Structures are given as structure tokens and as C-alpha cells.
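2 protein chains.
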Amino acid sequence: MAVADFSQIRRNEHLPARIAAQIGREISEGRIAPGHKLPTEHLLAKTFGVSRSVIREAIAQLRNEGLVETRQGVGAFATEIDRRQSLRIEQDDLADRDSFRSLFQLRLALEVEAAALAAVHHTLPDLAKLDEALAQMNGAEKWTDQGIVADLAFHRFVASATRNEYFLQFITFIAERTHLAINAARAAAVLEEIVEVTIAEHVAIRDAIATRDPAEAKEAMRRHLYGAASRLGLKLEML
Amino acid sequence: MAVADFSQIRRNEHLPARIAAQIGREISEGRIAPGHKLPTEHLLAKTFGVSRSVIREAIAQLRNEGLVETRQGVGAFATEIDRRQSLRIEQDDLADRDSFRSLFQLRLALEVEAAALAAVHHTLPDLAKLDEALAQMNGAEKWTDQGIVADLAFHRFVASATRNEYFLQFITFIAERTHLAINAARAAAVLEEIVEVTIAEHVAIRDAIATRDPAEAKEAMRRHLYGAASRLGLKLEML
DNA sequence: TCTTGTACGGTTGTCTGATAACCTTATATG
DNA sequence: CATATAAGGTTATCAGACAACCGTACAAGA
Numbered sequence: 046m047a048v049a050d051f052s053q054i055r056r057n058e059h060l061p062a063r064i065a066a067q068i069g070r071e072i073s074e075g076r077i078a079p080g081h082k083l084p085t086e087h088l089l090a091k092t093f094g095v096s097r098s099v100i101r102e103a104i105a106q107l108r109n110e111g112l113v114e115t116r117q118g119v120g121a122f123a124t125e126i127d128r129r130q131s132l133r134i135e136q137d138d139l140a141d142r143d144s145f146r147s148l149f150q151l152r153l154a155l156e157v158e159a160a161a162l163a164a165v166h167h168t169l170p171d172l173a174k175l176d177e178a179l180a181q182m183n184g185a186e187k188w189t190d191q192g193i194v195a196d197l198a199f200h201r202f203v204a205s206a207t208r209n210e211y212f213l214q215f216i217t218f219i220a221e222r223t224h225l226a227i228n229a230a231r232a233a234a235v236l237e238e239i240v241e242v243t244i245a246e247h248v249a250i251r252d253a254i255a256t257r258d259p260a261e262a263k264e265a266m267r268r269h270l271y272g273a274a275s276r277l278g279l280k281l282e283m284l
Numbered sequence: 046m047a048v049a050d051f052s053q054i055r056r057n058e059h060l061p062a063r064i065a066a067q068i069g070r071e072i073s074e075g076r077i078a079p080g081h082k083l084p085t086e087h088l089l090a091k092t093f094g095v096s097r098s099v100i101r102e103a104i105a106q107l108r109n110e111g112l113v114e115t116r117q118g119v120g121a122f123a124t125e126i127d128r129r130q131s132l133r134i135e136q137d138d139l140a141d142r143d144s145f146r147s148l149f150q151l152r153l154a155l156e157v158e159a160a161a162l163a164a165v166h167h168t169l170p171d172l173a174k175l176d177e178a179l180a181q182m183n184g185a186e187k188w189t190d191q192g193i194v195a196d197l198a199f200h201r202f203v204a205s206a207t208r209n210e211y212f213l214q215f216i217t218f219i220a221e222r223t224h225l226a227i228n229a230a231r232a233a234a235v236l237e238e239i240v241e242v243t244i245a246e247h248v249a250i251r252d253a254i255a256t257r258d259p260a261e262a263k264e265a266m267r268r269h270l271y272g273a274a275s276r277l278g279l280k281l282e283m284l
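Protein chains in written order, with my numbering: chain A, 46 to 284; chain B, 46 to 284.
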């Protein structure tokens, strides 16, 4: 684990990223209202005590996120809300237990529906992939990340079997975020329990999908995610 | 309508955005594999025929998306998939009917669950906001965007009443994307039908939430979104 | 008085060149 | 063989200049 610790040392964030984060916060917390103009690049450079090109790189980042739009000769403006082009999940936010639970609750909604869609749309190669992931879970040694990798793969294959690209993107993204957050919390004891107990739950999901039973697939996925949340000490709502 | 047409003229995209899009495509289409190194800034500047600072701004954008990570003195690398920090929905993709239906199906899963959570967690001010949005729907003149604005507000308030920040962010984002796509398709005739027919459906959602009945809230939201999809000519799956 | 054209000042977009900081590899030394 | 140093290459930041664009003010003409 010592080597892993060193690899987790965080490189300092570059100036443009830090400045973009600050300006982004000003905008998302309402201190710069939508449609309003940002200070000029020259003034921002003086204010932050950096060169203008650092400011330009920061604004390029914000522009890419859709938080800011620039007009040559005029200035940079905070956009109206509906111009935002991406959804971000800040990993640091997930260190907060309530935020983590909130994301897990949202993941539940998506994955339960995905299980039902997979029950309808899966193909034989999809089933083979699920079986492969199950086999990797069975072979996973304790105290390693291998069980988690197999778990992520299982969920990714379920999402892929929906034949819906957005379910695949969203579920893969959210599942990875939640697992990264679990890793960061270093709940090593929880990892072991997850690996052992959830194999049966994953098998139940696989079997419900294979028998093309959407209601049972939903139920199996629900049981699995509630179980996972419970093992993580999270209290989800079953509605 | 003529004035509106003129306001839609599109500004040329700046060089860094265009270059970031090209490099991003190379990465997402697998021609630059995860973990592999990009050409140096100097070489990219020569290849694209631009200055190095344009390249740096492009890379800053890609870095912000998590597609690329840079190491000073070494180079820029395409990231492993799990380092991607945001979910994007490209508006152009939603011009494709199947993609639009896929996103709508995902929206269904989220909004149905949100209605149930709102039934449990809403407050009196939440109900007042829902009523306000309903009043705006009633007052909306045909052939304007006002009905859509009220509809978006209604869904945003439902999501807010879940008391779950991620439901709020995700639902707001997806609802706006779908409405922008509808606008872009200029289905003016459909707009009128949406505004008139769906008020009753929204009222049913509001009432189920107010009576704290999660199952009924789910059912009401389901009927609303299936109805909306049907009016848009989309065939969703009810599972 | 109203409309059109021009000038001016300010701001963003891009370019050029330089140095700092970092990383990797090769070579020298004990 | 292990450690230290040098060299070369690359990114990160800085500074300055000019191009392109925009908004406003003012002048000229109808």
C-alpha cells in the first residue's frame, strides 16, 4: 500500500485551473450574475498577479464549460444557465457523506431502469460479458482493486445491454465517480465485504436479465444497490 | 420571425476551440489511445500552423474536460477513461431522433424517481413554486416560448423538492437539453399541443407530490413524460 | 431632425520570444 | 554497482507587440 500512497500525491494544480475554479465559483454562486461582464483580462491579470496568458487559459477552460462566453473587442460574460454544456461531478464534493449518498440515490434510479432495459434488449454477447465479469469477481483476491474493476465492468455491461448510449455514458461515469470516492475514503474493510457478499447479488441481476424479466431485473438491481449502500453505511430511500 | 433569424447567426469558432475539438475527436475515436502521448506543443503548433499559445489554450480546454493530462517537462497524455470529469451532451447529437429518444428515456428514469422523492421531501415553499409555474403555464400565450419556460421551471422545482443536489443538477441539465433540441427542430405545431395538453398532467404531478404519495407521484410523472414523448412522436418503453 | 459615415479608444485574439521549472537520459565519480 | 551531475527536451509562465473586433462619439449630408 505504501507505493499506492505515493502515487496518490497530488500535483499542484496549475495557475489557469486554479483561477478558472475561482472565477467559476463566483459565477455558480451568483456573485457574477448571468449575462454580466467579467473584468477585463488586463485587470484580472493584475488582480490575480499573473500574466495575461494564464488568464486567457483560465477563460478558455470556462468557455469550454459553457460558463463564460467571450466577444472579441467587448469582453467575457457569464452565460445564462442553459448555455452550460456539461455536467460535472467534483470528486472533492463526494468526500461529504451527504453528497455521496445523494449521488448514490441518483445512481439507483438509473441502474434500476437500466436493468429493466437490459432485460429487454440484451444479446448473447452481452450475457457472455456479464458472465466474464462475474468470473473475475469470483477470482478477485481480497485487498486488491480487482473486485472493484470487475464490479465496474459488470455495471458497464448492464448499461451497454440497454442499447441506449446515454444510459451507458451516465451510468459508467457515475459508477466510476462513486468507486473513486469509496477508494479515497479508504474503507478497506468494506471492500472485502463488498467483494464477497455482492457476487450473489450480481448473479441475481444477470439471471433476471437473461430471463428477460424487467421487473425482476429491477428488483435484483435494487437489492444490490441498497445492499451496497447499506454496507457503506448509507441510508437510501426505497420508494 | 425575421429578427429572430438574424440573431441566430453563428460566430466563427476561435482557433483554440477548433483545435481542441479536432484533438478531442482523435482521442474519443481511439486514434490516440488512453495513456498515449500527444505530439509536443511545438510540433502541434507547426502542424496546425498556429502559435504555441493557441495550442496551449486548446490543451487547457481538453485538460479541463479530463481528456488530457499534462506533465511539465514530459508532455501531454490522453487520459484513461475514468479520469474524464464531466458528462457532455452535444446538442448536435440530439438532432438524431434515436439519440433524442435515448436521452428522453433516461430523463424518464430520473424524473419519475424525482417525483417520488419530492413527494416525501417537499416543503410548503416548494408547493408554492409548483403552483407558480402552473399559473405561468395557464397564462402562456401560444406560439411563444413562455410555456416551455414554465414547463422547465416546473420540472426544476420538482427536482429541487427532492432535496438532492444531483437530481437537481442532472434533471435541470437534461430537461434544458431536450427542450433546446425541440426548439432546434422548430416543431412549432407541437409546441402548442404541449402547452395545452400538459397542464392537466402537471397538475396531477403537483397534487400527488402535495399529498405525499410517492407511488402516485411516480405514476403521474410517468404519464406526463410518456405523453410528451408520444406527442413528439417518440416511442418510449414503459417497464 | 434623422441617417449615415468616420474616427477613436478599449478589449479580445493571436503571434513572437524569453526564462523558469520540471523531467528523463546519459555520463562521471567513488 | 550506486550516487551525483550535466545535458537536452518539454511544459508553464511571463512580457510585449500587432491584428481584429466592438461600442461610442462626433461630423457631415439629406
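Cβ atoms here follow ideal geometry from the backbone N, Cα and C, with glycine treated the same way. Owing to the predicted nature of the structure, the values given are computational and were not obtained by experimental measurement.
Is the shortest distance between the beta-carbon of E156 (chain A) and the beta-carbons of chain B less than 7 Å? Interface residue (Cβ-Cβ distance to chain B less than 7 Å): E156 (chain A) is not classified as such.
Here's the rule: buried if 16 or more other CB atoms are within 10 angstroms of the residue's CB, otherwise exposed. What is V119 (chain A)? Exposed, by the Cβ-count rule.
Could you tell me which residues DSSP pairs with K82 (chain B) in its beta bridges? B:F122
R133 (chain B), DSSP secondary structure in three states: strand
Assign E135 (chain B) to buried or exposed, taking buried as 16 or more other Cβ atoms, counted over all protein chains shown, within 10 Å of its Cβ. exposed
Have a look at N228 (chain A) and H87 (chain A) and give me their C-alpha separation to the nearest angstrom. Near 42 Å, if we compare the C-alpha coordinates of H87 (chain A) and N228 (chain A).
Run down chain A in chain order and give the residues with a C-beta less than 8 Å from the C-beta of F93 (chain B). The contacting residues do not exist; F93 (chain B) stays about 16 Å from chain A at best.
If S131 (chain B) sits next to S131 (chain A), beta carbons under 8 Å apart, how far is it from one beta carbon to the other, in whole angstroms? 4 Å
Need the endpoints of the beta strand (DSSP E) that E177 (chain A) sits in, please. Counting along the chain, E177 (chain A) falls outside any beta strand (DSSP E), though it belongs to the alpha helix (DSSP H) covering L169 to G184.
Chain-ordered neighbours of Q214 (chain A) on chain B, where CB pairs are closer than 7 Å: L132
Spatially closest choice to F212 (chain A) from A:A160, A:P259, A:D143 and A:D258, by CA coordinates: A:A160
For A234 (chain A), decide whether its Cβ has a neighbour in chain B, counting only Cβ atoms nearer than 7 Å. Bear in mind that the predicted position of A234 (chain A) carries a pLDDT of just 48, short of 50, making it unreliable; the figure below should be weighed with that in mind. Taking Cβ atoms only, chain B never reaches closer than 7 Å to A234 (chain A), which makes this a no.
As a quick exercise: from B:T124, B:F145, B:P79 and B:L172, pick the residue whose alpha carbon is nearest that of S205 (chain B). B:L172
Taking V165 (chain B) as the query, report the chain A residues whose CB atoms sit under 8 Å from its CB, ordered along the chain. E282 and L284
Give the straight-line distance between the Cα atoms of A220 (chain A) and R152 (chain A), rounded to the nearest whole angstrom. 7 Å
Taking just the CA atoms, how far does I68 (chain A) sit from T115 (chain A)? 14 Å
Ends of the alpha helix (DSSP H) at V165 (chain B)? R142 to H166
Under the assumption that R201 (chain B) contacts T217 (chain B) (Cβ atoms under 8 Å), give the Cβ distance between them as a whole number of angstroms. Between T217 (chain B) and R201 (chain B) the Cβ distance is about 5 Å, and since that is below 8 Å, they are a contact.
Nearest-angstrom Cα distance between F122 (chain A) and H59 (chain B)? 16 Å
Own chain residues within Cβ distance below 7 Å of A180 (chain B), not counting five before or after: none
Which listed residue (B:Q150, B:N183 and B:T124) has its alpha carbon closest to that of K280 (chain B): Measuring from the Cα of K280 (chain B), the nearest candidate turns out to be B:Q150.
Distance check for A249 (chain B) and R133 (chain A), CA to CA, integer angstroms please. Answer to the nearest angstrom: the Cα atoms are 32 Å apart.
Can you list, in chain order, the residues of its chain with a C-beta nearer than 7 Å to that of A195 (chain A)? Leave out the 5 residues immediately preceding and following it. A178, Q181, M182 and A185
Classify K187 (chain A) as buried or exposed, calling it buried when 16 or more other Cβ atoms lie within 10 Å of its own Cβ. Residue placement at K187 (chain A) is poorly supported in this model, since its pLDDT is 49, which falls under 50; the coordinates still yield a value, given next. That one is exposed.
Name, please, each residue of chain A whose Cβ falls closer than 8 Å to the Cβ of A195 (chain B). Listed along the chain, the chain A residues whose CB falls inside 8 Å of the CB of A195 (chain B) amount to none; the nearest CB is some 14 Å away.
What would DSSP say about R2 (chain B), mapped onto helix, strand or coil? In the structure as shown, chain B begins at 46 and stops at 284. Residue 2 (chain B) is therefore absent and cannot be evaluated.
Given R268 (chain B), which residues of its chain have a CB within under 8 Å of its CB, disregarding the five upstream and five downstream residues? E246 and A249
In chain order, what residues of the same chain lie with their CB nearer than 7 Å to the CB of A65 (chain B), ignoring the 5 residues before and after it? For A65 (chain B), where only same-chain residues beyond five positions count, the Cβ hits under 7 Å are A103, Q106 and L107.
State yes or no: is the beta carbon of P61 (chain B) nearer than 7 Å to at least one beta carbon in chain A? Yes, P61 (chain B) counts as interfacial toward chain A.
What is the DSSP secondary structure of I77 (chain A), counted as helix, strand or coil? coil
For P259 (chain A), which residues in chain B fall below 7 Å Cβ to Cβ? L284
With 7 Å set as the bound, which would you pick, yes or no: does the beta-carbon of F218 (chain B) sit closer than that to a beta-carbon of chain A? yes
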